[in-house]
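S.K.: According to our numbering, the sequence shown holds residues 7 to 655 in order.
C-beta: ideal position from N, C-alpha, C; glycine also.
Since the model is a prediction, treat every value here as computed from it, not as a measurement.
Structure provided below as structure tokens; questions to follow.
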Amino acid sequence: MKKKVTKRKATPPASSKKKNFLENSKLHVIIIALSSFLLYANTFGHDYAQDDAIVITDNMFTQDGFNGISGLLTKDTFFGFFKVEGKESLVAGGRYRPLSLITFAIEREIFGESPAISHLINAVLYALLCVIMYLTLVIVLIKTRVKDALPWFAFIATMLFAFHPIHTEAVANIKGRDEIMAFLLGISAIYVLVRDKYSELIKWTSASILFFLAMMSKENAITLIPVCFLIFWYLKKETIFQSLKPTMAIIAGTIIFIIIRFSILGWGVGDEPLEMMNNPFVKYENGSYSFFTSSEKTAAIIYALGWYLKLLIIPHPLTNDYYPRQVEVLNISEPWVIIAAISLLTVISIGIITWKRNRLISFSIWYFIFTISIFSNIVFPIGTHLSERFLFMPSFGFCLLLAYVMWNIYYKFGSYVFYAFAILVLGLYGFKTLDRNMVWQDDYTLYTTDVKTSINSAKALNAAGGVLVSRSSDETDEAKKAQMLSQSKEYLNKALSIHPNYKNAWLLLGNARFYAEEYEEAIKAYDQSLAIDASYDDALKNLAVALREGGRNAGEVQGDLNKARAYLTRSYQIDNSDYEINRLMGILESFAGNHQEAIKYYTRVTQLVPQDKAGYVLLYNAYSQLGDTNNAEINRRKALQIDPNAFNQ
């Protein structure tokens with residue numbers, strides 16, 4: 007009689023009697039800390055980029071170091087950048103996220119303006135977040151017995167999170183520190199609550215303080231409140247009352263934050279602006295702007311949420327910009343919207359179906375739903391359709407699910423298949439992260455790279471056009487300079503075809519035309535910008551310069567004195583304190599034989615720059631033409647006092 011052969015399934019590493027690599031928690035912590043830190047080491051040589059200007063380089067409070075902290079605590083987060091009441095609340099409800107900016111102010115005070123230090127600190131905070139995430143997950147899994155292979159399951163889930171390329175925007179961009187700190191402090195609060203080491207009073211007090219600080223970093227930390235409740239009620243299977251007690255600790259911290267926030271910003275959320283760059287649900291059709299219909303808004307929200315799912319699974323291509331019309335005006339019946347809706351319904355259905363069958367799968371899905379909800383544009387408008395940094399916290403739910411898949415691969419197919427799959431995924435993630443980090447080198451690299459992905463975003467086109475104009479001014483090769491300006495004008499014209507009332511795009515287009523010496527076209531662009539916003543100071547200043555140079559060109563090159571007079575007079579009316587416009591106006595009047603009028607402008611030249619010999623030489627010539635030898639001699643002597651060779655050049 008043949009003996010029955012028992013087929014033995016591969017056993018997860020936790021069941022092994024000998025402690026191996028996948029069960030070594032101390033080694034896990036070291037690997038997680040080092041790998042998550044080193045993944046972003048190639049950003050340490052980067053400059054500031056994108057919104058770093060808003061929170062660091064152009065923020066008056068941050069730049070003031072320790073002295074600016076009080077301003078950061080008592081004003082809207084954007085006030086230090088705009089420096090004018092009202093402009094900081096362009097996005098509905100305003101923003102109050104002082105904690106990360108306080109760290110920037112401290113860095114400024116201690117280290118000066120050092121992007122290297124800021125990038126280093128971001129990487130350290132990210133590594134700390136990953137370690138706390140791992141430790142929290144281990145404790146939760148031990149107490150809930152969701153999986154047998156506790157340490158290595160937590161290790162794989164955390165490594166997937168650490169390596170996921172979707173996090174590059176939050177970590178490689180210094181401004182993204184608000185995302186890191188909100189998650190770090192929020193999960194630290196949960197870590198304190200799930201530990202048995204401390205008394206309830208210490209746990210609740212510490213958790214409340216930590217969560218308050220998380221909210222002070224960024225408001226999306228509030229989505230961790232239902233997550234905390236689920237951990238105790240759903241995973242640990244405690245009663246609702248028992249689960250509410252620790253949850254109330256972080257709710258207390260949230261309430262304190264809300265009171266402070268609204269006492270500073272006010273209780274109103276503001277009206278939805280009819281401005282495409284601050285409200286993605288605005289469209290330009292048939293020569294006018296209007297809000298999306300309810301159907302179009304629903305379609306856009308569904309599409310964006312579907313795109314988030316796609317980015318978690320396939321994080322390519324990545325871009326910093328999804329502004330209008332990167333997400334087009336869609337209808338609910340369009341194929342991509344239907345596919346997104348089916349995908350979302352499938353995810354939600356799995357979360358419901360597995361509620362009693364598989365706590366880990368269900369928790370992962372509901373974690374994702376809770377943490378992405380605040381960025382969905384369903385609760386309130388967030389100013390854009392979507393952004394990769396908004397997946398920073400929600401992505402952990404996906405990483406838990408992917409770790410569950412890997413756990414099953416190990417259990418069903420053995421360690422070799424598991425290791426091969428893990429190395430493949432982490433290798434692809436790591437390569438993409440390292441590669442994407444380099445795009446965040448500076449504004450020029452970021453914007454000129456991402457515009458090739460965000461080809462229909464007015465903001466991306468505007469940003470790329472702007473950095474090309476700036477870079478062209480330093481270019482000595484005339485052929486390269488012309489090419490850069492041509493590309494810039496192409497991007498900016500496309501941005502304006504999407505958003506005709508984009509005042510900054512008109513400004514930058516004027517700059518591009520100015521550097522290309524297309525003065526008439528530059529003047530038209532600045533005029534368009536001012537027609538949109540008559541108080542736009544940058545456009546007014548640049549218009550004065552364009553009129554001045556256009557007038558010079560009309561007189562000296564074209565020989566058109568009437569055009570020269572029209573341009574120069576208008577420039578003078580805008581800014582009569584400019585040295586060069588006074589000099590040119592004087593020359594124009596001298597050329598027309600109006601020497602007495604010319605003297606008025608030349609006198610102003612000498613007042614503006616007293617040590618400049620040219621003004622006195624011009625006055626000497628004008629007085630000589632009038633036959634006023636006395637004043638001519640006075641100005642001749644003044645010119646010679648400054649430069650003995652003033653009249654020999």
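Just to confirm the assignment, what range does the beta strand (DSSP E) spanning residue 296 have?
M.R.: It spans 294 to 297 - the beta strand (DSSP E) in which residue 296 sits, taken as one unbroken run.
S.K.: Count the other CB atoms within 10 Å of the CB of residue 354; is the residue buried (16 or more) or exposed (fewer)?
M.R.: So residue 354 counts as exposed.
S.K.: Taking 8 angstroms as the threshold (C-beta atoms), are residue 468 and residue 440 in contact?
M.R.: No, the pair does not count as a contact, with Cβ atoms beyond the cut-off.
S.K.: Skipping 5 residues on each side, what residues in its chain have a beta carbon closer than 6 angstroms to that of residue 107?
M.R.: For residue 107, where only same-chain residues beyond five positions count, the Cβ hits under 6 angstroms are 61, 68 and 78.
S.K.: Thinking residue 262 and residue 235 are a contact (beta carbons under 8 angstroms), I'd like their distance in whole angstroms, please.
M.R.: Rounded, the Cβ-Cβ distance is 19 angstroms, inconsistent with contact.
S.K.: Which same chain residues end up closer than 8 angstroms to residue 637 when comparing Cβ atoms and leaving out the 5 residues on each side of it in sequence?
M.R.: Correct list, in chain order: 625 and 629.
S.K.: Is the stretch 459 to 476 close to the stretch 502 to 512, with three or more CB pairs under 8 angstroms?
M.R.: These segments touch.
S.K.: For residue 20 and residue 145, what's the separation of their Cα atoms in angstroms?
M.R.: Confidence in residue 20 is poor, its pLDDT being 45 and thus under 50, which makes the residue's placement unreliable; the coordinate value appears in the next sentence. Distance between the alpha carbons of residue 20 and residue 145 is about 15 angstroms.
S.K.: In this structure, does DSSP put residue 290 in helix, strand or coil?
M.R.: Three-state DSSP puts residue 290 in a strand.
S.K.: Taking only the alpha-carbon atoms, compute the straight-line gap between residue 143 and residue 173 and give it to the nearest angstrom.
M.R.: So the two alpha carbons sit approximately 19 angstroms from each other.
S.K.: Is there at least one Cβ from chain D nearer than 8 angstroms to residue 47's Cβ?
M.R.: Note that chain D does not occur in the displayed structure, where there is just one protein chain.
S.K.: Report yes if the C-beta distance between residue 279 and residue 391 is below 8 angstroms; otherwise report no.
M.R.: Cβ distance not < 8 angstroms, so residue 279 and residue 391 don't count as in contact.
S.K.: Do residue 325 and residue 460 have their CB atoms nearer than 8 angstroms?
M.R.: Yes; because the gap between Cβ atoms is below 8 angstroms, this pair is in contact.
S.K.: Assuming residue 132 and residue 46 form a contact by the criterion Cβ under 8 angstroms, report the distance between their Cβ atoms to the nearest whole angstrom.
M.R.: Indeed they touch by this definition, with Cβ atoms about 6 angstroms apart.
S.K.: Give the secondary structure of residue 258 by DSSP, where H, G and I count as helix, E and B as strand, and everything else as coil.
M.R.: The answer is helix: DSSP assigns residue 258 an H, G or I state.
S.K.: Within 8 angstroms, do at least three Cβ pairs link the stretch 520 to 530 to the stretch 542 to 552?
M.R.: Short answer: they touch.
S.K.: With the cut-off set at 8 angstroms, would you say residue 393 and residue 385 are in Cβ contact?
M.R.: Going by C-beta atoms, residue 393 is not nearer than 8 angstroms to residue 385.
S.K.: Assuming residue 474 and residue 493 form a contact by the criterion Cβ under 8 angstroms, report the distance between their Cβ atoms to the nearest whole angstrom.
M.R.: Right, the Cβ-Cβ distance comes to about 6 angstroms (below 8 angstroms), so this counts as a contact.
S.K.: Using 8 angstroms as the threshold, is the stretch 236 to 254 in touch with the stretch 341 to 356, meaning 3 or more CB pairs across them?
M.R.: No, the stretch 236 to 254 does not touch the stretch 341 to 356.
S.K.: What is the residue span of the alpha helix (DSSP H) that residue 71 lies within?
M.R.: No alpha helix (DSSP H) contains residue 71, which DSSP labels as neither H nor E.
S.K.: Check residue 426 in the structure and name its three-state DSSP category.
M.R.: Three-state DSSP puts residue 426 in a helix.
S.K.: Do you know how far the Cα of residue 451 is from the Cα of residue 487?
M.R.: Their Cα atoms are separated by approximately 17 angstroms.
S.K.: Can the beta-carbon of residue 193 be found closer than 8 angstroms to that of residue 138?
M.R.: Yes; because the gap between Cβ atoms is below 8 angstroms, this pair is in contact.
S.K.: Using C-beta distances below 7 angstroms, list every residue in its chain close to residue 121, excluding the 5 sequence neighbours before and after it, in chain order.
M.R.: The answer, listed in chain order, is 52, 53, 54 and 180.
S.K.: For residue 100, which of helix, strand or coil comes out of DSSP?
M.R.: If DSSP states are grouped into helix, strand and coil, residue 100 belongs with coil.
S.K.: Is the stretch 326 to 342 touching the stretch 292 to 311 in the sense that three or more CB pairs, one from each, lie closer than 8 angstroms?
M.R.: These segments touch.
S.K.: Under a Cβ-count criterion, where at least 16 other Cβ atoms within 10 Å of its own Cβ denotes burial, should residue 359 be classed as buried or exposed?
M.R.: Exposed, since its Cβ has fewer than 16 Cβ neighbours within 10 Å.
S.K.: For a minimum of 4 consecutive residues, which ranges assigned as the alpha helix (DSSP H) are wholly contained in the stretch 104 to 181?
M.R.: Qualifying alpha helix (DSSP H) stretches, in chain order: 104 to 117, 121 to 150, 156 to 169 and 174 to 178.
S.K.: List in chain order: all unbroken alpha helix (DSSP H) runs of 4+ residues lying wholly within the stretch 429 to 514.
M.R.: Runs of the alpha helix (DSSP H) inside the stretch 429 to 514: 449 to 456, 464 to 478 and 484 to 504.
S.K.: Taking 6 angstroms as the limit between beta carbons, can you name the residues of its chain near residue 607, skipping five residues before and five after?
M.R.: Closer than 6 angstroms at the Cβ level, and outside the excluded window around residue 607, lie 588, 591 and 592.
S.K.: Distance check for residue 323 and residue 458, CA to CA, integer angstroms please.
M.R.: Using only the alpha carbons, I get a separation of about 10 angstroms.
S.K.: Does DSSP put residue 18 in a helix, in a strand, or in coil?
M.R.: Residue placement at residue 18 cannot be trusted, given a pLDDT of 48 that sits under 50; what the coordinates show is reported in the next sentence. Coil.
S.K.: Which same chain residues end up closer than 6 angstroms to residue 13 when comparing Cβ atoms and leaving out the 5 residues on each side of it in sequence?
M.R.: Confidence in residue 13 is poor, its pLDDT being 43 and thus under 50, which makes the residue's placement unreliable; the coordinate value appears in the next sentence. Closer than 6 angstroms at Cβ, skipping near neighbours: no residue.
S.K.: Quick one: what does DSSP say residue 616 is sitting in, helix, strand or coil?
M.R.: Of the three classes helix, strand and coil, the one that applies to residue 616 here is coil, per DSSP.
S.K.: Can you give the Cα-Cα distance for residue 268 and residue 102, rounded to whole angstroms?
M.R.: The alpha-carbon atoms of residue 268 and residue 102 are separated by roughly 9 angstroms.
S.K.: Report the CB separation of residue 214 from residue 191 in whole angstroms; it is logged as a contact under 8 angstroms.
M.R.: With 8 angstroms as the limit, residue 214 and residue 191 do not qualify as a contact, their Cβ atoms being about 12 angstroms apart.
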